[in-house]
Amino acid sequence: AIKRDHRLERLFPLTLISICCFLIPHCFAAISLDAQTVRHGFPYQPSSMAHDPVQKILAIGTQSGALRLYPFCSVHWVPEGEGALVSALADDSVHLWNLRQRRPAILHSLKFNRERITFVHLPFQSKWLYIGTEKGNIHIVNVESFTLSGYVIMWNKAIELSSKAHPGPVVHISDNPMDEGKLIIGYEAGIVVLWDLKSKKADYRYTYDEAIHSVAWHHEGKQFICSHSDGTLTIWNIKGQGKPFQTITPHGKQPKDGKKPEPCKPILKVEYKTTRLGDPFMILSGGLSYDTVGRRPCLTVMHGKSTAVLEMDYPIVDFLTLCETPYSNDFQEPYAVVVLLEKDLVVIDLAQNGYPIFENPYPLTIHESPVTCCEYFADCPVDLIPALYSVGSRQKRQGYSKKEWPISGGNWGLGTQSYPEIIITGHADGTVKFWDASAIMLQVLYKLKTAKVFEKSRNNKEDKQNTEIVEEDPFAIQIMAWCPESRMLCVAGVSANLIIYRFSKQEITTEVLLEVRLQYEVNDMESPPEGGGGGDRDLPTPGAASPSPQTTGPPTHPSTSSNSSDGVRDNVPCLKVRSTPLKQSSGYQVELVVQLVWVSGEPPQQITSLALNSSYGLIVFGNSNGLAVVDYLQKTVLLNLGTVELYGSNDPYQRQARSPRKARQPAGGLCDINEGSASEDRCKSPTSGKLSFSMLELCVFSTCVRMLYLSVLSSTVLLSVCPPRGANPLDHRDNSFSRSRSSSVTSIDKEAREAITSFHFCETFARKGDSAITPCLYVGTSLGTVLAVALNLPPAGEQRLLQPVIVLPSGTLARLKGSILRMAFLDNTGTFLPPAFETWYEPNAAGADSEERDKARKRRPVSVSPSTSQELQESQYAVVCSEKQAKVIALPSQNCIFKHSITETSFVLRADVVQMNIGNCVACFCANGHIMTLSLMNARVRLKVST
Numbered sequence: 001a002i003k004r005d006h007r008l009e010r011l012f013p014l015t016l017i018s019i020c021c022f023l024i025p026h027c028f029a030a031i032s033l034d035a036q037t038v039r040h041g042f043p044y045q046p047s048s049m050a051h052d053p054v055q056k057i058l059a060i061g062t063q064s065g066a067l068r069l070y071p072f073c074s075v076h077w078v079p080e081g082e083g084a085l086v087s088a089l090a091d092d093s094v095h096l097w098n099l100r101q102r103r104p105a106i107l108h109s110l111k112f113n114r115e116r117i118t119f120v121h122l123p124f125q126s127k128w129l130y131i132g133t134e135k136g137n138i139h140i141v142n143v144e145s146f147t148l149s150g151y152v153i154m155w156n157k158a159i160e161l162s163s164k165a166h167p168g169p170v171v172h173i174s175d176n177p178m179d180e181g182k183l184i185i186g187y188e189a190g191i192v193v194l195w196d197l198k199s200k201k202a203d204y205r206y207t208y209d210e211a212i213h214s215v216a217w218h219h220e221g222k223q224f225i226c227s228h229s230d231g232t233l234t235i236w237n238i239k240g241q242g243k244p245f246q247t248i249t250p251h252g253k254q255p256k257d258g259k260k261p262e263p264c265k266p267i268l269k270v271e272y273k274t275t276r277l278g279d280p281f282m283i284l285s286g287g288l289s290y291d292t293v294g295r296r297p298c299l300t301v302m303h304g305k306s307t308a309v310l311e312m313d314y315p316i317v318d319f320l321t322l323c324e325t326p327y328s329n330d331f332q333e334p335y336a337v338v339v340l341l342e343k344d345l346v347v348i349d350l351a352q353n354g355y356p357i358f359e360n361p362y363p364l365t366i367h368e369s370p371v372t373c374c375e376y377f378a379d380c381p382v383d384l385i386p387a388l389y390s391v392g393s394r395q396k397r398q399g400y401s402k403k404e405w406p407i408s409g410g411n412w413g414l415g416t417q418s419y420p421e422i423i424i425t426g427h428a429d430g431t432v433k434f435w436d437a438s439a440i441m442l443q444v445l446y447k448l449k450t451a452k453v454f455e456k457s458r459n460n461k462e463d464k465q466n467t468e469i470v471e472e473d474p475f476a477i478q479i480m481a482w483c484p485e486s487r488m489l490c491v492a493g494v495s496a497n498l499i500i501y502r503f504s505k506q507e508i509t510t511e512v513l514l515e516v517r518l519q520y521e522v523n524d525m526e527s528p529p530e531g532g533g534g535g536d537r538d539l540p541t542p543g544a545a546s547p548s549p550q551t552t553g554p555p556t557h558p559s560t561s562s563n564s565s566d567g568v569r570d571n572v573p574c575l576k577v578r579s580t581p582l583k584q585s586s587g588y589q590v591e592l593v594v595q596l597v598w599v600s601g602e603p604p605q606q607i608t609s610l611a612l613n614s615s616y617g618l619i620v621f622g623n624s625n626g627l628a629v630v631d632y633l634q635k636t637v638l639l640n641l642g643t644v645e646l647y648g649s650n651d652p653y654q655r656q657a658r659s660p661r662k663a664r665q666p667a668g669g670l671c672d673i674n675e676g677s678a679s680e681d682r683c684k685s686p687t688s689g690k691l692s693f694s695m696l697e698l699c700v701f702s703t704c705v706r707m708l709y710l711s712v713l714s715s716t717v718l719l720s721v722c723p724p725r726g727a728n729p730l731d732h733r734d735n736s737f738s739r740s741r742s743s744s745v746t747s748i749d750k751e752a753r754e755a756i757t758s759f760h761f762c763e764t765f766a767r768k769g770d771s772a773i774t775p776c777l778y779v780g781t782s783l784g785t786v787l788a789v790a791l792n793l794p795p796a797g798e799q800r801l802l803q804p805v806i807v808l809p810s811g812t813l814a815r816l817k818g819s820i821l822r823m824a825f826l827d828n829t830g831t832f833l834p835p836a837f838e839t840w841y842e843p844n845a846a847g848a849d850s851e852e853r854d855k856a857r858k859r860r861p862v863s864v865s866p867s868t869s870q871e872l873q874e875s876q877y878a879v880v881c882s883e884k885q886a887k888v889i890a891l892p893s894q895n896c897i898f899k900h901s902i903t904e905t906s907f908v909l910r911a912d913v914v915q916m917n918i919g920n921c922v923a924c925f926c927a928n929g930h931i932m933t934l935s936l937m938n939a940r941v942r943l944k945v946s947t
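Mapping the sequence shown onto UniProt numbering, position 351 (from 1) lands on 351, and the numbers just tick up by one.
Structural data, given as structure tokens:
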């Protein structure tokens, strides 16, 4: 997405050590920010902060030299006055920014060659900028001309005979609130000087035996407060030079014998704010006792006799207090504290009891839990964002301040896009967040917690063994598939599990009605069982020694784990689905849970690819062993094949098929793909009387009162997936698929571990030379192969729920270098062909709404593919992108029209088909940071930029 920028940013090679905002009164300006990149989220490695109390804007500087202004500006941001910004960098340069032009830019710069800058002070509505250095000198700069005034306060003249040693760097500069001609200077060694600018000499000097970190004035200008390295605060009268008026150790233990308290950690900063009707506020960071090992960083608020210690999630970089008045010579009346953390920005309400924080209106904490996957969707249905916002607005978290966000400068405007955009992020704690990206600001719409489906671990030995394949974050989201039109959502977790969700505006309570696992042994698939004719085969039940049929009733809640007689874990999922009723609020509600299980001591492999199609009612997922197709309408497994078996007799690689074990062969039950008519029978759904898969646990969530059964002959079963026959087991320590970055495909070991890397549902030609289009599933592998799977779907409506869906592999389309990342289809005019979809309906509707739901389900979605009556030689084009190459293939002839080598020295991380003003293109993001777009009709490079 190319948008206009929403904050000021200029990159420098060095750290921003200080920034200052100031306002020139009685001036107005309209500013339009016009950049090409939008960066959402919190600034990386923040180093400094400044606030403009009139325009109510906040500036944050970072260690990379970037500047950001908050709140986010819209395209036309109208400040209340003529703002300007001063920034100081670690290379001892100072810059004045011009905010009055379309794109903010540096207006003037100063560079110090012989002294290092340590502190910068810009008084409110002043034209003088004070710069303190490491040598202890202070230089005064005229802001209007941004030149040195020639007035220099030398350190030796400032301290004179008060100290025989150098006082250290300047750590603080500020003017007296009642007299701007009086300047207070704080030196690191513990010396404070009150300097008279007119007489050019020091009025008073104050000495303390501990290092100084910060200084703050009382608004009357008669007292100031210093924070020290031993965790103490000293309050001084400006006319009392000898000793401090008061010494406070906020977190020190007071000895009973009247001795000095034990030293604490340094107080890095203190602010002293007064109120008209009450006690003043002392706000400080640091100063905790040394015995508080492991305690999180804290901000302390002292108000009268009360002391509140507010713990933060991350180390404190800086903080500042927001007051009712910008003038320092009046009662400040503080109402909030802005705390800049290493990875967050927190604003605390000082006016309410308990000091709650303000709810942030924009996403500074995108990584509240680390983002593990991300998907972007453009041109979504117009009613989708309001629907998500409606259910998300009911998820308001408690404990926030009731007041509005105080950093509210500028006017909000509309974004530049005329189409809705949504970003979905999956997180390490199992949450899924939906973001509105249509406007300049990224806004949270809805938050889904997938971990609620599973029971919490009791930290016992058995649970620890179950989650052994992922030591940390067992609920982390790995892959997501979403259909915006039907609002169906499927998420895959790192613990080899899938959860399918439906969207509903009504609240329901569901429970797991059935959780039965079927595992059986197949010794001779060629010979029919005893007593069986030439038709249906009987199915042995779990643990049965003979193949005679048995009926298994639905248990109330069967065990989620089992071990073989030799202690080997078998039929054990990594997570345990909760057995108690689950109250599901309006929004996304669980439809189905799929878990891969341990088989004969081998852990399940993590899911590497995932796709969903709401028109077909199918979910397909794959890993390093193979793929499985699940019909989520009938709650059945349609296909469970190893990658090798997808090729059948046309496998281009000379592999050595290796079976996991001979003693306990997993229930593959899969005949070879070239065994004639049997291949079609084994690919039918279980309701057709054949069972063609091993194990796939399906936990069904339903609101119905009656029990739900799946009939396979006379048995009632729910199934779970184990590795298919012929797939070699990987080491249990290597559970994540590692892509090969080499263009060579000669390694026998890599060929044996060919993983599924991508899927694409479409209505196209299943085989070379076909004359009619059919629903298909295209499969991409880690060795660069694209294979086609034909789908035979029953008519829509009731027949879709009763008749079987037939899934049949139908051959190879193409081979490329590197893993297949993305596939798409175009018609003969080059127009993008999206997959068929089903429109959303309310799944929990009743009455008239229920009739509308049934009508919607009976309507067959209209395909955008060309009709079968077309007499064109080439009706479609398939676009395939791998880690190394991109190809355009004509269908149904399967001739390669264009081929382009994207990179030889790197590899593509993500690829997608996007629409630009030059037409449809393949956009690629490479590991070397390059973004490249290729025209689909001639494979020419249209854009190549480096990030």
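The beta-carbon is built from N, C-alpha and C at its ideal position, and this holds for glycine as well. None of these values were measured; they are calculated from a predicted model.
Where do the ends of the beta strand (DSSP E) carrying residue i lie?
i: GLY181; result: 179 to 187
i: SER47; result: 46 to 52
i: LYS157; result: Taken as a continuous stretch (DSSP letters only), LYS157 belongs to no beta strand (DSSP E), being part of the alpha helix (DSSP H) at 155 to 159.
i: ASN360; result: From DSSP, ASN360 is part of no beta strand (DSSP E); its letter is neither H nor E.
i: ARG502; result: 497 to 504
i: GLN885; result: 885 to 891
i: GLY294; result: GLY294 -> no beta strand (DSSP E), and no H or E assigned at all.
i: MET312; result: First-last for MET312: undefined, no H or E at that position.
i: MET480; result: 477 to 483
What is the residue span of the alpha helix (DSSP H) that residue i lies within?
i: THR643; result: 643 to 647
Going straight from the alpha carbon of residue i to that of residue j, what length do you get?
i: GLN894; j: LYS635; result: 35 Å
i: ILE185; j: SER174; result: 7 Å
i: ARG910; j: PHE331; result: 56 Å
i: SER145; j: ASP318; result: 30 Å
i: VAL880; j: GLN605; result: 26 Å
i: GLU455; j: ASP473; result: 14 Å
i: THR365; j: PHE358; result: 14 Å
i: VAL637; j: CYS762; result: 20 Å
i: PRO555; j: VAL597; result: Because PRO555 sits at a pLDDT of 35, beneath the cut-off of 50, its placement in the model cannot be relied upon, and the following sentence gives the value as read from the coordinates. One C-alpha to the other measures close to 19 Å.
i: ARG767; j: ALA788; result: 8 Å
i: SER819; j: THR62; result: 38 Å
i: THR372; j: VAL805; result: 34 Å
i: THR133; j: MET480; result: 53 Å
i: LEU161; j: LEU183; result: 19 Å
i: GLN443; j: LEU341; result: 21 Å
i: LYS343; j: THR785; result: 42 Å
i: GLY41; j: LYS200; result: 47 Å
Consult DSSP for residue i and reduce its assignment to one of helix, strand or coil.
i: SER145; result: coil
i: ALA878; result: strand
i: ASN650; result: helix
i: LYS200; result: coil
i: VAL577; result: strand
i: ALA755; result: coil
In terms of alpha-carbon separation, which member of the options lies closest to residue i?
i: GLU874; options: ILE918, THR829, HIS900; result: THR829
i: LYS583; options: SER615, MET480, LYS452, ASN623; result: LYS452
i: PRO843; options: CYS574, HIS900, PHE503; result: PHE503
i: THR510; options: VAL444, LEU498, GLU591; result: GLU591
Where are the beta strand (DSSP E) runs, 3 residues long or more, that stay fully inside the segment 763 to 835, in chain order?
774 to 781, 785 to 792, 806 to 815, 820 to 827
Restricting to runs no shorter than 4 residues, where is the alpha helix (DSSP H) found entirely within the segment 362 to 424?
384 to 392
Those runs of the beta strand (DSSP E) which lie wholly inside the segment 67 to 138 and span at least 3 residues:
67 to 70, 82 to 89, 93 to 98, 105 to 111, 117 to 121, 128 to 133
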